[in-house]
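Report on one structure; see the data block that follows.
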Amino acid sequence: MRKIVCIAIASLTIVLFAPGFGSGQEAVRKFGIEVKGGPMDSVLLKDYAPESSLVVPRTFVGKARFPVIDVHSHSSMNNIKTRADVDAWVRTMDEVGVEMSVVFTNATGAAFDRQAELLLGSYPKRFQVWCSLDRSNIEAPDFSRRAVAELERAYKKGARGVGELTDKGWGLEANERNAKPRGQRLRIDDPRMDAFWEKCADLDLPVNLHIADHPSCWRPLGAQQERSPDFQAFNLAGKDVPSYEELLAGRERMLERHRRTRFIFCHLGNQGNDTAALSRMLDRFPNMYVDVSARDYEIGRQPRAMRAFLERYRGRVLFGTDMGKDKGMYQGWWRLLETADEYIPGRIWWPYYGLELGEPLLKSIYRDTALQVLNLK
Ligand SMILES: [Zn+2]
């Protein structure tokens with residue numbers, strides 16, 4: 024057995040370093056097979072959509088096995104503007120088994136109040152609305168005081184959490200177009216944020232933070248890029264932003280200073296590709312939580328490692344979607360987490376493998392952890 028593996032690796036090495044590899048003209052050998060050019064050489068990566076011949080069970084899960092609290096959705100992404108929009112969303116939630124959705128309003132002031140009224144006015148038990156950070160005039164000496172005052176005001180109007188607040192490198196809640204020069208950007212570990220994080224703890228408000236991004240964003244767009252062209256707009260390689268590692272280091276510095284505040288780092292903390300590294304963070308900081316939103320592909324490509332991770336960190340991982348509000352989207356999550364289906368079509372290149380989570384763990388991720396962290400008990 025060992026011999027076969029060695030031969031295969033040796034022949035692959037020869038191919039990779041053979042002159043003319045990839046030119047489409049010369050035949051090369053890969054794993055002993057002669058590879059020749061043909062019509063597939065002109066197919067664009069973005070059009071790659073192989074049809075699988077694999078015959079395996081495809082389980083349809085229309086409704087989650089237990090009631091679900093979705094801790095990550097956006098009013099803007101879900102296009103929630105009118106009472107009719109809210110009604111339609113609640114009908115979908117009923118159908119698929121979502122008891123409550125946390126809605127990030129991305130707003131402060133009157134814009135927050137309008138959304139709070141729209142969602143809580145109609146369905147106070149089906150939604151939580153979270154406010155944003157008032158980041159106007161961050162250089163002014165009264166920035167912290169104003170940010171805290173607006174937080175207290177929004178809390179009185181119904182805000183039950185803060186977020187999602189994002190720093191992919193351009194600064195907190197900033198982007199490439201409006202970013203300040205590198206040294207002036209607001210970071211989560213900036214002393215100007217200290218009073219705000221402490222006020223979140225005083226008011227018992229959890230915070231959802233998106234720090235850094237998927238690590239592939241810092242790798243060049245090209246043949247070695249891990250994620251498909253659908254994600255290239257998120258790429259940061261060569262841009263005027265700190266490295267992935269620097270951004271995560273800021274997260275550690277902030278957590279060291281603010282032990283009382285509950286921080287949910289969304290998208291598995293952008294470390295779903297390395298559950299060992301994520302585990303070290305969760306071990307160090309008991310007030311750190313993660314949500315699984317928009318990381319279906321990290322979960323589905325490593326079902327055994329991810330199941331072990333979820334078991335070990337039961338009580339620290341929350342369910343969230345961040346992928347719109349289509350019925351099929353929710354049902355895709357149920358299939359991924361509840362079934363043993365294999366080779367489930369995914370949205371990058373990677374087919375997913377169902378985790379077949381057991382009842383206590385599923386209940387914890389779907390609902391019980393959120394009841395604790397979101398003060399719903
Ligand atoms: Zn989000």
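Residue numbers for the sequence shown follow this note's numbering, beginning at 24 and rising by one.
The C-beta atom is built at its ideal place from N, Cα and C for all residues, glycine as well.
The structure presented is a predicted model; accordingly, all values stated were derived computationally and were not measured.
Using the three-state DSSP reduction, which class does residue i fall into: helix, strand or coil?
i: H281; result: coil
i: Q395; result: helix
i: A197; result: coil
i: Y71; result: coil
i: H237; result: coil
i: I92; result: strand
i: M123; result: strand
i: A256; result: helix
i: G184; result: strand
i: T115; result: helix
i: Y375; result: strand
i: N296; result: coil
i: K179; result: helix
i: R370; result: coil
i: F166; result: helix
i: Q207; result: helix
i: M311; result: strand
i: D190; result: strand
i: Q151; result: strand
i: K348; result: coil
i: M24; result: Any reading at M24 needs caution, since the residue's pLDDT is 38, under 50, leaving its predicted position unreliable; the model's value is listed next. Three-state result, M24: coil.
i: R324; result: coil
i: V38; result: Bear in mind that a pLDDT of 38 at V38, under 50, signals an unreliable position, so the model cannot answer this.
i: S46; result: Confidence at S46 is low in this model, with a pLDDT of 48, below 50, so the placement of that residue should be treated as unreliable; the coordinate-derived value is given next. In the structure shown, S46 sits in coil (DSSP, three-state: anything other than H, G, I, E or B).
i: V109; result: helix
i: F135; result: helix
i: I388; result: helix
i: L226; result: coil
i: R242; result: coil
i: V66; result: coil
i: E382; result: helix
i: K400; result: coil
Restricting to Cα atoms, I'd like to know which of the options is closest to residue i.
i: Y146; options: P383, F83, C240, G181; result: G181
i: I211; options: V51, S167, R114, G355; result: S167
i: K348; options: S98, L68, P90, R149; result: S98
i: G132; options: E175, A299, L143, S65; result: E175
i: P90; options: A300, H237, K386, K400; result: K386
i: V79; options: E118, G377, D236, P243; result: G377
i: E321; options: H237, D157, S159; result: H237
i: E379; options: I56, E249, E57, T82; result: T82
i: M277; options: M216, N101, D157; result: M216
i: A197; options: V230, D157, P214; result: D157
i: K86; options: G120, L399, M116, V66; result: G120
i: V396; options: S75, I92, P62, G61; result: I92
i: R106; options: S76, R137, M100, L77; result: R137
Straight-line CA distance for residue i to residue j?
i: I287; j: E187; result: 9 Å
i: V171; j: F219; result: 5 Å
i: A50; j: L68; result: 22 Å
i: D391; j: C289; result: 18 Å
i: G381; j: G338; result: 15 Å
i: G369; j: R318; result: 11 Å
i: P73; j: A163; result: 55 Å
i: A177; j: D64; result: 56 Å
i: T128; j: D108; result: 15 Å
i: E118; j: V84; result: 11 Å
i: S251; j: D297; result: 19 Å
i: S159; j: R169; result: 9 Å
i: V185; j: V230; result: 5 Å
i: A130; j: K203; result: 21 Å
i: N102; j: A111; result: 11 Å
i: N310; j: A331; result: 21 Å
i: A33; j: P62; result: In this prediction, A33 has a pLDDT of 38, which is less than 50 and means its spatial position is unreliable; what the coordinates show is noted afterwards. In a straight line, the C-alpha of A33 is about 28 Å away from that of P62.
i: D227; j: R283; result: 9 Å
i: Q247; j: E57; result: 23 Å
Would you grab the beta carbon distance between residue i and residue j for me? Rounded to a whole angstrom, and I think it's under 8 Å.
i: G206; j: V264; result: Their Cβ separation, rounded to whole angstroms, is 13 Å, which puts G206 and V264 out of contact at 8 Å.
i: A393; j: L341; result: 5 Å
i: P361; j: R88; result: For the record, residue 361 in the displayed sequence is Glu; it is not Pro. Yes, E361 and R88 are in contact; Cβ-Cβ is about 6 Å, under 8 Å.
i: R324; j: Y267; result: That pair is no contact at about 19 Å.
i: V126; j: V152; result: 5 Å
i: D345; j: S124; result: The pair is not a contact, with the Cβ atoms about 11 Å apart (cut-off 8 Å).
i: D364; j: G343; result: D364 to G343, Cβ: 22 Å. No contact.
i: I234; j: N293; result: 7 Å
i: L305; j: Y353; result: With 8 Å as the limit, L305 and Y353 do not qualify as a contact, their Cβ atoms being about 26 Å apart.
i: L244; j: N258; result: 5 Å
i: I388; j: L333; result: 7 Å
i: F150; j: L142; result: 4 Å
Between residue i and chain C, is any beta-carbon pair separated by less than 8 Å?
i: A331; result: No chain C is part of this structure, which consists of one protein chain only.
Under 7 Å, CB to nearest heavy atom of ligand 1: contacting residues: H95, H97, F127, E187, H233, C289, S316, A317, D345
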